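Enquirer: Structure in structure tokens, see below.
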Amino acid sequence: MQTVRSLRLSLALALAATSLPAQDPTGWLDPGATISSLVTAPPEPSPSLSPQGGYLVMSTREALPDLGVISRTHLKLAGMRVDGQNWGRQLSTRTTEITIRQMPAGEVHVVPIEADHWSGPIWTADERAFALTRQAEGGAELWICDPWNAPPKRVEGVKLNQVLGSGVQWLPDQRRLLVHTVVAGERPQRPSVPAGPVVQETVSNQIAQVRTYQDLLQDSHDEDLLEYYGTSQLAVVEGDKVQALGEPAMYSRVRPSPDGTLLLVDVVERPFSFVVPMSRFPRRTDVLDMSGAVLRELARDRLNDAVPIGGVKRGPRSIAWAATQQHALYWFEAQDDGDPKREVPHRDFAFLLTEPDATPRLWFRSEMRAAGVQFGGDGQLVLTSERDRQTRTERVWRRDLTKPSASGELLYERSTQDVYNDPGRPMSERTLDGRSVLRQRDGKLMLSADGASPAGNRPFLASWDVTSGEKTKVFESDASRFETVLGLVNGSADRLLVRSESPSAPPQLLYVDRATGRREVLHEGRDPAADYTSKIQKRLVKYEREDGVPMNGTLYLPPDYRDGDKLPCLLWAYPREYTKASDAGQVRATPNRYLRMRGSSHLFMLLKGFAVFDNASMPIVGPRRSANDTFVEQVRMNARAAIKALGAEGCIDTDKVAVAGHSYGAFMTANLLAHSDLFCCGIARSGAYNRSLTPFGFQNEERTFWEAPEIYFAMSPFMHAQKINEPILLIHGKDDNNSGTFPIQSERLYGALKGHGATARLCFLPYESHGYRGRQSVLHCLAEMANWLEQHCKGAGD
């Protein structure tokens, strides 16, 4: 009873704590010339292979957009942020250059484009051409490019609507494009006087537990705007010809059948909602012919605002084409009303529809929640997976599509948290008519795996005979380097595109010929911080928690470190839940990777003279339903073990260790400062601190506030603000749209800290969301962190 009374008192204080810090007269801060130059330096280009592996595309983007781009006027509609001028989502960084290389070692061709907000390339499966889109007033532009012989050419008369998706895809003939175009019309204007109040009403006896969302619709005018911007006209583009297809609608998904004769479409419909995002709005799933006529209505979803926490919607879901059939469809239907708490022999049934006018037939049953279907290229093999959220278990089955009534064969069952025994992910390929199927040769699949081990990750490729179960490694990262396969050149498993790096060498792009042993450098990575990173020491530190749970983290020492020095240290972590202690202790680090510092990375603090203990293990071990019952106790144990391990390294002053994290890591940081005296100060970025503001669950907690009020109270650092006696810096994006991390979370915690005389600083970054993108914001964030650590960590005890 005392806990409940304390909780009521704390909630009352939360409502009263509205104090905000005085405006900082210094304006934008700068972390110093060195860090600023590195943050804003042009990044390395991003590589990608064309569908058949015949071309290597290198796309270069600017490092960070100016805050003027981030602050562009946008609409917050049903969980989306819409740029109403461009009929798309919020703008980000610009593409400054696109180059194309013929593989394996041909010459390089620069695609002649101006630096702008480009997306693509969107390749034809046969690599004959690709499409690009460029953001523009009134709708994105569509450009078509021959990969080698001709510059991009704009398709006149096309203005793309990209509000509900990319809006561009090639039809199976690989000659025509299916696009979503802007529907002309007058933009709805907000009435000077509302037509009436905003009214919501529950359905009697219907339990509708909704987690905390942001950017939701607020009134009928927002509903009108969503319909206005979300409505598009489908059209087929062939050369310079543009032919409208069907009637305008709010198409959220459009997928052509493998034979190109039909379309599978999802159409969003009213009534909309003020409490859930658009993904849960009513929608209709239809099959259309290529004139736009409806052949069959497959499903009609109601408003999904009553989906159980951790559950799925009722009725057909995940409706999709069977990739190796002409126009067969499959889907899942929950047999437990979508509620994971219900005890049933089978969570899901899968159904198969061979023709649009046929009768659906039961394909298979899954004891756990059906998770996915992958089709083999032979038209016979199908891999299906199912997962259980409570036990974190995954099963993968082999099925024969030509014998849909036959039972499947269980290939393996594993814990999804056991990274050491992760078999890898089957690789896919695109057929010449655009279908995505499992790469299959002589009955064997190709697996790509991270190769986690106690010594760190060693990625590999393996050939997998699904009949015998035999796996043979065909490529594995060298023990002294970190090498990952990005793709198969010309579709051959003997010719690989590999990213290769080591602790002392930045990433290279290599062409590797397994048959001849040839390794040719295609791109030599360059690091503007090489003078510093080459001197940074990196150690994989392994240790144990007091209850025997194995743990690890990566310790970085700054470039000017000298043997015998005792350094101040920043511990950066993020809590993760595990059902087994053995899984919690597995090494997920990559000690052979090159250190790259970018964006608002905490690793920049190395250049300010601090050691950084990165990704320190912060496991919460226990049954999914009750693991959080001991959250505070476990994060304390984790922190004690980490401090002890740092002390044993001999290079860290354990009286000068700061703790920091982002999002759930910020939540952890505030809890550790409230419930321990292990750290000299803390930095919490974009966190949530009062769990009563997320009453229908958070992270992996599925109990509601009313089911476990004492747990919500114990886990909320806001409820224990009077115990935070170490300095804490709170940084938050003023426009954070992440579920649960409302900016008010930091505002209220700061008010509580101020009310108890704590040492605290609150920095709101204007226009920024959960992550920080604007150049000014990123530099300011790093400056705030550096200044805070300089004063309260390096100067701790002075």
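The numbering used here applies: residue 341 is where the sequence shown begins, and numbers increase by one.
In this text, a Cβ means the ideal position worked out from N, Cα and C, and glycines have one as well.
All values derive from a computational prediction rather than experimental measurement.
Roughly how many angstroms separate the alpha carbons of Asp456 and Asp370, rounded to a whole number?
Expert: Within the sequence shown, residue 456 is the residue found at index 116, counting from 1. Within the sequence shown, residue 370 is the residue found at index 30, counting from 1. Looking at the two C-alpha atoms, the distance is approximately 27 Å.
Enquirer: What's the gap between the Cα of Ile375 and the Cα of Asp1076?
Expert: Within the sequence shown, numbered from 1, the residue matching residue 375 stands at position 35. Within the sequence shown, numbered from 1, the residue matching residue 1076 stands at position 736. When rounded, the distance between both Cα atoms is 25 Å.
Enquirer: To the nearest whole angstrom, what separates the beta carbons of Gly632 and Leu585, a pair I think is in contact under 8 Å?
Expert: For this step, residue 632 is matched to residue 292 along the sequence shown. For this step, residue 585 is matched to residue 245 along the sequence shown. Yes, they are in contact, since the Cβ atoms of Gly632 and Leu585 sit about 5 Å apart, within 8 Å.
Enquirer: For the segment 1062-1079 against the segment 1090-1106, do three or more pairs of beta-carbon atoms, one drawn from each stretch, fall closer than 8 Å, so that the two count as touching?
Expert: Contact between the segment 1062-1079 and the segment 1090-1106 is present: 3 or more CB-CB pairs across the two stretches fall below 8 Å.
Enquirer: I'd like to know whether the C-beta atoms of Phe1058 and Tyr1029 end up nearer to each other than 8 Å.
Expert: On the sequence shown, position 718 is the one that residue 1058 refers to. On the sequence shown, position 689 is the one that residue 1029 refers to. Going by C-beta atoms, Phe1058 is nearer than 8 Å to Tyr1029.
Enquirer: What are the partner residues of Val999, as DSSP defines its beta bridges?
Expert: The residue given as residue 999 occupies position 659 in the sequence shown. BP columns for Val999 point to Leu911 and Gly1022.
Enquirer: Following the continuous alpha helix (DSSP H) through Gln1116, name the residue where it begins and the one where it ends.
Expert: Position 776 of the sequence shown, counted from the first residue, corresponds to residue 1116. Arg1115 to His1132 is the span of the alpha helix (DSSP H), which, as asked, contains Gln1116.
Enquirer: Using a Cβ-Cβ cut-off of 7 Å (strictly less than) and excluding sequence neighbours within five positions of Gly655, which residues of its own chain qualify?
Expert: In the sequence shown, counting from the first residue as 1, residue 655 sits at position 315. Ala639, Asp641 and Glu673.
Enquirer: Apart from the five residues just before and just after Gly791, which ones in its own chain have a Cβ nearer than 6 Å to its Cβ?
Expert: The residue given as residue 791 occupies position 451 in the sequence shown. If we look at Gly791 and ignore the five residues flanking it on each side, its Cβ neighbours are Asn797, Arg798, Pro799 and Phe800.
Enquirer: For the alpha helix (DSSP H) that contains Phe614, what are its first and last residues?
Expert: Translated into the one-based positions of the sequence shown, residue 614 becomes position 274. No alpha helix (DSSP H) contains Phe614, which DSSP labels as neither H nor E.
Enquirer: Rounding to the nearest angstrom, what Cα-Cα distance links Ser399 and Glu1108 in this structure?
Expert: Taking the first residue of the sequence shown as position 1, residue 399 is located at position 59. Taking the first residue of the sequence shown as position 1, residue 1108 is located at position 768. Straight-line Cα distance between these residues: approximately 25 Å.
Enquirer: Using a Cβ-Cβ cut-off of 6 Å (strictly less than) and excluding sequence neighbours within five positions of Ala929, which residues of its own chain qualify?
Expert: As a position in the sequence shown, residue 929 is number 589, starting the count at 1. Apart from the 5 residues on each side of it in sequence, Ala929 sits with its Cβ closer than 6 Å to the Cβ of Gly796, Leu880 and Thr894 in its chain, given in chain order.
Enquirer: So, with DSSP's three-state summary, where would you put Gly1135?
Expert: By one-based count along the sequence shown, residue 1135 stands at place 795. Note: Gly1135 maps to coil in three-state DSSP.
Enquirer: Give the list of continuous beta strand (DSSP E) stretches no shorter than 3 residues that lie fully inside the segment 656-737.
Expert: 656-661, 669-674, 688-693, 701-706, 709-715 and 721-728
Enquirer: Pick out whichever of Cys1020, Gln1039, Lys813 and Gln514 has its Cα sitting closest to the Cα of Gly1135.
Expert: To locate residue 1135, count along the sequence shown from 1; it is residue 795. Residue Cys1020 is the option with its Cα nearest to Gly1135.
Enquirer: Based on DSSP bridge pairs, tell me the residues matched to Asn892.
Expert: Counting from 1 along the sequence shown, the entry for residue 892 is found at position 552. BP columns for Asn892 point to Lys882.
Enquirer: Between Asn978 and Arg885, how many whole angstroms is the CB-CB distance? I'm expecting something under 8 Å.
Expert: Working through the sequence shown from its first residue, we reach residue 978 at position 638. Working through the sequence shown from its first residue, we reach residue 885 at position 545. About 6 Å separates the two Cβ atoms, so the contact holds.
Enquirer: Under three-state DSSP, which class holds Ser922?
Expert: Looking up residue 922 in the sequence shown gives position 582. Helix at Ser922.
Enquirer: Can you list, in chain order, the residues of its chain whose CB lies under 8 Å from that of Cys1121, leaving out five sequence neighbours each side?
Expert: For the purposes of this step, residue 1121 is taken as residue 781 along the sequence shown, with counting starting at 1. For Cys1121, where only same-chain residues beyond five positions count, the Cβ hits under 8 Å are Ser940, Arg1025, Ile1071, Cys1103, Leu1105 and Tyr1112.
Enquirer: Between the Cα of Glu402 and those of Thr521, Arg866, Leu943 and Gly1114, spot the shortest distance and give me the residue it belongs to.
Expert: In the sequence shown, counting from the first residue as 1, residue 402 sits at position 62. When each option's Cα is compared against that of Glu402, the closest is Gly1114.
Enquirer: Can you tell me whether Gly760 is buried or exposed? The criterion is at least 16 other CB atoms within 10 Å of its CB, across all chains shown.
Expert: As a first step, residue 760 must be located in the sequence shown, where it is residue number 420. Strictly speaking, residue 760 in this sequence is Tyr, with Gly absent from that position. The residue is exposed, with fewer than 16 neighbouring Cβ atoms inside 10 Å.
Enquirer: Go ahead and pull the three-state DSSP assignment for Asp969.
Expert: If you number the sequence shown from 1, residue 969 lands on position 629. Reduced to three states, the DSSP call for Asp969 is helix.
Enquirer: How many whole angstroms separate the CB atoms of Leu517 and Thr473, which I take to be in contact at a CB cut-off of 8 Å?
Expert: Here residue 517 refers to the residue found at position 177 of the sequence shown. Here residue 473 refers to the residue found at position 133 of the sequence shown. A Cβ-Cβ separation of about 11 Å leaves Leu517 out of contact with Thr473 under the 8 Å criterion.
Enquirer: By DSSP's criteria, Gly570 is part of a beta bridge. Which residues make up the other side?
Expert: In the sequence shown, residue 570 corresponds to position 230, counting from 1. DSSP lists no partner for Gly570.
Enquirer: Contact check, Gly764 vs Ser788 under 8 Å by CB: the rounded distance?
Expert: For the purposes of this step, residue 764 is identified with residue 424 of the sequence shown, where counting begins at 1. For the purposes of this step, residue 788 is identified with residue 448 of the sequence shown, where counting begins at 1. The pair is a contact, with the Cβ atoms about 5 Å apart (cut-off 8 Å).
Enquirer: Hey, out of Gln549, Pro890, Glu860 and Val814, whose CA is closest to Asp923's CA?
Expert: Residue numbering aside, residue 923 sits at position 583 when the sequence shown is read from its first letter. Considering only alpha carbons, the answer is Pro890.
Enquirer: Tell me whether Ile547 is buried or exposed, calling it buried when 16 or more other Cβ atoms sit within 10 Å of its Cβ.
Expert: Working through the sequence shown from its first residue, we reach residue 547 at position 207. Exposed, since its Cβ has fewer than 16 Cβ neighbours within 10 Å.
Enquirer: Do you know offhand how far Met708's Cα is from Asp688's?
Expert: Against the sequence shown, residue 708 aligns to sequence position 368. Against the sequence shown, residue 688 aligns to sequence position 348. For Met708 and Asp688, the distance between alpha carbons rounds to 7 Å.
Enquirer: With DSSP as the reference, please indicate the residues paired to Ser399 in a beta bridge.
Expert: Locating residue 399 in the sequence shown gives position 59, counting from the first residue. Per DSSP, Ser386 and Ile438.
Enquirer: Between the Cα of Leu828 and the Cα atoms of Asp853, Arg821 and Gly809, which residue gives the shortest distance?
Expert: Numbered from its first residue, the sequence shown carries residue 828 at position 488. The residue with the shortest Cα to Cα distance from Leu828 is Asp853.
Enquirer: Could you name the residues of the same chain whose beta carbon sits closer than 8 Å to that of Leu407, not counting the 5 residues immediately before and after it, in chain order?
Expert: Counting from 1 along the sequence shown, the entry for residue 407 is found at position 67. Result list for Leu407: Pro1106, Tyr1107, Gly1114, Arg1115, Gln1116 and Ser1117, in chain order.
Enquirer: Among Asn892, Gly962, Gly507 and Trp463, which has the Cα closest to the Cα of Ile440?
Expert: To locate residue 440, count along the sequence shown from 1; it is residue 100. For the residues Asn892, Gly962, Gly507 and Trp463, the minimum Cα distance to Ile440 belongs to Trp463.
Enquirer: Would DSSP call Phe1058 helix, strand or coil?
Expert: The residue given as residue 1058 occupies position 718 in the sequence shown. Look at Phe1058 here: in three-state DSSP terms it is helix.
Enquirer: Can you tell me whether Ser544 is buried or exposed, with buried defined as 16 or more other CB within 10 angstroms of its CB?
Expert: On the sequence shown, residue 544 is found 204 positions in, with the first residue counted as 1. So Ser544 counts as exposed.
Enquirer: Please report how far the alpha carbon of Arg620 lies from the alpha carbon of Glu1130, in whole angstroms.
Expert: In the sequence shown, the residue the question calls residue 620 occupies position 280. In the sequence shown, the residue the question calls residue 1130 occupies position 790. Those two C-alpha atoms are separated by around 47 Å.
Enquirer: Go ahead and label Asn489 buried or exposed: buried means 16 or more other beta carbons lie within 10 angstroms of its beta carbon, across all protein chains shown.
Expert: On the sequence shown, position 149 is the one that residue 489 refers to. Looking at its Cβ environment, which holds fewer than 16 other Cβ atoms inside 10 Å, Asn489 is exposed.
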